[in-house]
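Below is one structure, written out as structure tokens, with a few remarks after it.
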Amino acid sequence: MLFENKVVLVTGGSSGLGFAIAEAFASQGAKLVITGRRQPQLDEAVKSLGENASAVCADISNLGDLTQLFSHISGVHGHIDVLIANAGTGEIEPLGAITEAGFDRLFTTNVKGTTFTVQGALPLMGKGSSVVVIGSTASINPGPGLSVYGATKAALRSLVRSWVLDIKGSGVRINLLSPGPVDTPSLRNVLGENAQEVIDALSEKSTLGRIGQAYEIGQAALFLASDASSYVNGAELFADGGASQV
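Shown next, in the form of structure tokens:
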């Protein structure tokens with residue numbers, strides 16, 4: 001699973017799972033391009049990722065930003081070997097309190113943004129390239145308040161299953177990586193004062209007795225993007241300690 005001189009784009013790569021995934025590819029020699037919406041955060045991430053990393057400030061829900069992103073990559077690198085379509089957002093809104101604004105934010109970023117990220121990257125990807133779309137176990141077990149978020153991630157599963165047929169014969173693989181709960185600052189911020197209590201409860205559901213660590217998702221992404229999974233296409237890998245299987 002070496003990526004020496006491979007051009008790897010990680011959207012939403014400046015923090016959380018995206019940054020952990022970017023770190024995994026950096027450790028294997030990739031030429032990294034990360035995106036995010038906040039330039040200062042991107043600058044800090046690039047410093048940590050090393051000299052082979054660069055950043056482009058872009059919001060995947062903005063098609064103009066995506067056009068500029070792919071134009072930049074085309075001019076600098078000429079192609080993309082791996083796309084990690086990670087950028088996304090989440091909100092807790094239970095039925096009865098779902099807002100139009102919240103609904104639109106989730107679908108615009110998670111579904112529309114991911115769709116046009118993949119579509120925009122494909123002309124720069126050739127035979128042997130790989131797309132990994134980051135989903136979530138919320139697509140099959142969303143939990144209270146996560147119906148809309150879970151629906152956006154379920155939509156990604158449907159998209160991937162169709163896309164592999166749309167690009168049949170291209171030599172580009174597309175797979176879905178769906179993490180379970182992972183101990184990140186963003187998760188703890190969403191959970192608020194009850195964070196540890198909820199994490200303990202989620203740990204009980206896992207057959208490993210714990211929730212995930214961000215670096216473990218990075219390792220799973222390396223596998224799906226690499227030649228080690230060369231015959232894996234259109235699949236969904238659940239990285240959740242077995243919670244979705246029991």
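Following the UniProt record's numbering, the numbering of the sequence shown begins with 1 at its first residue and continues without gaps. In this text, a Cβ means the ideal position worked out from N, Cα and C, and glycines have one as well.
Non-local beta-carbon contacts of Ser226 in its own chain, meaning distances under 6 Å to residues more than five positions away in sequence, involve Met1 in chain order. Taking the C-beta atoms as reference points, Leu124 is found nearer than 8 Å to Ile73. In the DSSP assignment, Ser178 is bridged to Phe238. Beta-bridge partners of Leu187 (DSSP): none assigned. In this structure, the beta-carbon distance from Gly241 to Arg210 falls below 8 Å. Of the residues assessed, Ala26 falls on the buried side of the cut-off, its CB having 16 or more other CB atoms within 10 angstroms. When secondary structure is reduced to three states using DSSP, Val7 falls in the strand class.
Less than 8 Å separates the beta-carbon of Ile134 from that of Gly88. The DSSP-derived three-state label of Gly126 is coil.
Comparing alpha carbon positions, the residue from Phe223, Lys112, Val246 closest to Ala235 is Phe223.
Boundaries of the beta strand (DSSP E) around Leu32: 31-36.
Contact check for Ala154 against Ser139 passes: the beta carbons are separated by less than 8 Å. With contacts defined by Cβ atoms closer than 8 Å, Gly36 and Ser14 form a contacting pair. Annotated three-state conformation of Ser71 is helix, per DSSP. Following the DSSP letters along the chain, one finds Ile60 in no beta strand (DSSP E), marked with neither H nor E.
Using a Cβ distance threshold of 8 Å, Leu69 and Ala53 do not count as a contacting pair.
Counting only residues of its own chain and dropping the five nearest sequence neighbours on each side, Gln41 has a CB closer than 7 Å to the CB of Ser14, Ser15.
A straight line joining the alpha-carbon of Asp65 with that of Lys205 spans about 40 Å. Less than 8 Å separates the beta-carbon of Gly102 from that of Val148. With respect to Ile92, Leu156 sits apart: the two C-beta atoms are not nearer than 8 Å.
In the DSSP annotation of this structure, Leu165 is not part of any beta strand (DSSP E); the continuous alpha helix (DSSP H) holding it starts and ends at 147-166. For Gly128, the closest alpha carbon among the candidates Gly169, Gly212, Arg105 is that of Gly169. For Ile84, there is no enclosing alpha helix (DSSP H); the residue is part of the beta strand (DSSP E) that begins and ends at 82-85.
With respect to the 8 Å criterion, Val132 and Ile80 are not classified as neighbours on the basis of their beta carbons.
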